[in-house]
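To keep things clear, I will list the structure first and then write my remarks on it.
Protein chains: 2
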Amino acid sequence: MADHVSGKRLQRAELARHTGCNLETIRYYEKTGMMPDPPRTASGYRVYDDAHISRLRFILRARELGFSIEQIRGLLELVDGGTQTCAEVKERTEQHLADVRAKIDDLKRIEKVLATTAAQCSGEDIPECPVLEALAS
Amino acid sequence: MADHVSGKRLQRAELARHTGCNLETIRYYEKTGMMPDPPRTASGYRVYDDAHISRLRFILRARELGFSIEQIRGLLELVDGGTQTCAEVKERTEQHLADVRAKIDDLKRIEKVLATTAAQCSGEDIPECPVLEALAS
DNA sequence: CTACGGTCTGTAGTAACTACAGACTCAAGG
DNA sequence: CCTTGAGTCTGTAGTTACTACAGACCGTAG
Numbered sequence: 002m003a004d005h006v007s008g009k010r011l012q013r014a015e016l017a018r019h020t021g022c023n024l025e026t027i028r029y030y031e032k033t034g035m036m037p038d039p040p041r042t043a044s045g046y047r048v049y050d051d052a053h054i055s056r057l058r059f060i061l062r063a064r065e066l067g068f069s070i071e072q073i074r075g076l077l078e079l080v081d082g083g084t085q086t087c088a089e090v091k092e093r094t095e096q097h098l099a100d101v102r103a104k105i106d107d108l109k110r111i112e113k114v115l116a117t118t119a120a121q122c123s124g125e126d127i128p129e130c131p132v133l134e135a136l137a138s
Numbered sequence: 002m003a004d005h006v007s008g009k010r011l012q013r014a015e016l017a018r019h020t021g022c023n024l025e026t027i028r029y030y031e032k033t034g035m036m037p038d039p040p041r042t043a044s045g046y047r048v049y050d051d052a053h054i055s056r057l058r059f060i061l062r063a064r065e066l067g068f069s070i071e072q073i074r075g076l077l078e079l080v081d082g083g084t085q086t087c088a089e090v091k092e093r094t095e096q097h098l099a100d101v102r103a104k105i106d107d108l109k110r111i112e113k114v115l116a117t118t119a120a121q122c123s124g125e126d127i128p129e130c131p132v133l134e135a136l137a138s
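As you go down the protein sequences, you meet chains E and C in turn.
Under our numbering, the first residue of the first sequence is numbered 2, with each subsequent residue one higher.
Under our numbering, the first residue of the second sequence is numbered 2, with each subsequent residue one higher.
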């Protein structure tokens, strides 16, 4: 059989450590509804499981990728499913998709410029730096 | 000859309109040193040129891509050149490059999931949604 | 020359966290 | 059993990165 590991229960500091999240941010995300209110022990301590870890990691990474709280809320609603029709989901998914692809394109341009810069910059003074020109157009 | 267009002088509201930036954010970026203090008219009005537009666009897009103010400051220092040695520039560029590539990878994973979701979601109820699983690992 | 729109500064408000204060819980040690 | 220290609880206050507003000044069209 599989091991018993997926039943692990964590408390808040452990969840923070597993995800790299600030301790207080977890509470903030619960207060604002991004994270579900976790079950509590008899004495009121929050208990988390693997699903909480996944969801929190997703939120944190999405934030690092420049999605706003509202956008992430939208993505999570897709995940959470529920009240929306399939047509709505499809439309919103494609909206997000366009957004993501635009980000990828921009990042690729930045990547190219940085790679070029790094290559050019092999011992000499930096040349007329083309970073701004490449990115700001 | 080339045209005379590159000598255009803008004031703050025009710069905001050209870049989609909030009017006040421009002043904020000047106060915090991301944007240079622009020249002023005799009566104290700020005047901007094309270089300001480029730099501001870069900052705005970098923010949308999830770079922190400090990271952008780092990127701009590469552009601004000045006091640093070529070795420093190279190292920092490669650091940024790794960061950018990680973002691209993550966004591509999100893209894939969203595309799959959009494809699956063509008239039926949403299946067990794999978004979290794909992203949170 | 005045109306009205744009700009100036400083300051106050908002979003998304982040830190702190004081009370409670709980496992370990004596 | 009792203490002690580390972890948790709540509410609230502080920080960062903007965003909006107030009151005074500028500038140009009628």
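Backbone N, C-alpha and C fix where the C-beta goes; we use that ideal spot for every residue, glycine too.
Chain C residues whose Cβ lies nearer than 7 Å to that of residue i
i	result
K9/E	Neighbours of K9/E on chain C: none; closest Cβ ~15 Å, over 7 Å.
T94/E	L115, T118, A119, C122
I111/E	V101
Under 8 Å between C-beta atoms of residue i and residue j
i	j	result
I60/E	Y29/E	no
L11/E	I27/E	no
R58/E	E112/C	no
T94/E	A119/C	yes
D50/E	K109/E	no
H97/C	L76/C	yes
Cutoff 8 Å; reference residue i; Cβ partners in own chain excluding five residues on either side
i	result
G67/C	K104
H19/E	L11, I54
L24/E	R13, A14, A17
Per-residue DSSP class, three states only, for residue i
i	result
R47/E	strand
R41/C	strand
R10/C	coil
L98/E	helix
L108/E	helix
L66/E	coil
Cβ shell of residue i (< 7 Å), same chain only, five flanking positions each side left out
i	result
A99/C	none
R56/C	M36
T42/E	V48
V6/C	Summary for V6/C: the model assigns pLDDT 47, below 50, so the residue's position carries little reliability; its value from the coordinates is reported in the next sentence. For V6/C, where only same-chain residues beyond five positions count, there are no Cβ hits under 7 Å.
D38/E	E31
Y46/E	Q12
Range of the contiguous alpha helix (DSSP H) that encloses residue i
i	result
G75/C	70-81
K32/C	24-32
T20/C	13-20
6 Å Cβ shell around residue i - same chain, five flanking residues per side excluded
i	result
V80/C	none
A3/C	Because the pLDDT of A3/C is 39, which lies under 50, any placement of that residue in the model is unreliable, and the question is left without a value.
Chain E contact residues for residue i, given Cβ-Cβ distances below 7 Å
i	result
G107/C	The residue you asked about is not Gly; residue 107/C is Asp in the sequence shown. Ordered by position in chain E, the residues that pass the 7 Å Cβ test against D107/C are R62, L66.
H97/C	L115
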